[in-house]
Each structure stands twice: as C-alpha cells, then as structure tokens.
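Structure record follows, encoded as structure tokens.
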Amino acid sequence: AGKIEKDHAEVGLYRRLALLERDFPGAAVLIHLEGDLDEATRNLWSNPRLLDLAQGIIGPDIAGHPVWNLRSKTPSTALTTVPWHQDIAYLAPGAEVTEQLTAWIP
Numbered sequence: 001a002g003k004i005e006k007d008h009a010e011v012g013l014y015r016r017l018a019l020l021e022r023d024f025p026g027a028a029v030l031i032h033l034e035g036d037l038d039e040a041t042r043n044l045w046s047n048p049r050l051l052d053l054a055q056g057i058i059g060p061d062i063a064g065h066p067v068w069n070l071r072s073k074t075p076s077t078a079l080t081t082v083p084w085h086q087d088i089a090y091l092a093p094g095a096e097v098t099e100q101l102t103a104w105i106p
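Residues in the sequence shown are numbered from 1 upward in steps of one, following my numbering.
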C-alpha cells in the first residue's frame with residue numbers, strides 16, 4: 001500500500017492499466033493474483049444477458065469456475081502474457097467431459 005503515487009483516474013481503463021503498470025511494475029499481475037472479485041466483476045458474472053447467452057451454448061446447469069482468471073493485458077508485461085493454449089491441459093482428469101465456456105471481454 002502507498003506505492004502508487006498517481007492513480008491516473010483521468011484516463012480510460014486501458015490507458016490507466018498501462019500507466020499503472022509503467023509506474024509500478026507488477027501492478028497488472030497484482031490485479032490477477034489478489035483473488036478478490038470486486039462488485040463490478042461479480043455483477044458481470046451474474047449478468048442475466050450473459051447467463052442467457054451461456055445457457056444457450058451449454059445448457060441450464062451453469063457454475064462459475066472456482067479458480068477464476070482475470071488478467072489485465074498491458075504493454076510489455078511478460079507475466080501476464082500467455083501463449084496460445086488449451087485450458088484442458090490445466091484441469092483434472094475427467095474435466096474434458098464438462099462443457100466449459102471461456103470468454104475474452106475487453
């Protein structure tokens with residue numbers, strides 16, 4: 001706490017994240033590692049329109065993964081850069097029979 005001197009609240013989200021990362025290297029990773037879903041993110045996960053879309057794809061039995069991933073993508077931040085991959089390789093055996101919906105939301 002107290003390491004960030006300027007919060008750059010005057011600019012939009014994408015520019016703000018990039019500026020925070022520039023001023024405090026590692027800030028983008030902290031957003032991911034903190035592990036606390038703020039109210040806005042909880043509201044996004046429970047948004048009726050998004051849940052309706054998900055239900056249309058995978059059916060009515062929907063649950064959020066307990067190991068959620070929220071990664072801010074800022075310029076030149078190697079710690080948040082993940083090469084193309086298939087998530088199934090990171091899951092427990094048997095998970096391949098569970099339909100999983102993944103989304104990139106800018």
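Idealized CB from N, CA, C, for every residue including glycine.
Since the structure is predicted, the reported quantities are computational estimates derived from the model, not experimental observations.
Which residue marks the beginning of the alpha helix (DSSP H) containing PRO48, and which one marks its end? Its alpha helix (DSSP H) spans residues 48-58.
Please state the DSSP three-state secondary structure of VAL97. helix
Buried or exposed for THR98, please, with buried defined as at least 16 other CB atoms from any protein chain shown within 10 angstroms of its CB. THR98 should be labelled exposed.
Counted within 10 angstroms of its Cβ, other Cβ atoms place GLU10 as buried (16 or more) or exposed: Classification of GLU10: exposed, given that the 10 Å Cβ count is below 16.
Could you spell out where the alpha helix (DSSP H) holding LEU91 opens and where it closes? First-last for LEU91: undefined, no H or E at that position.
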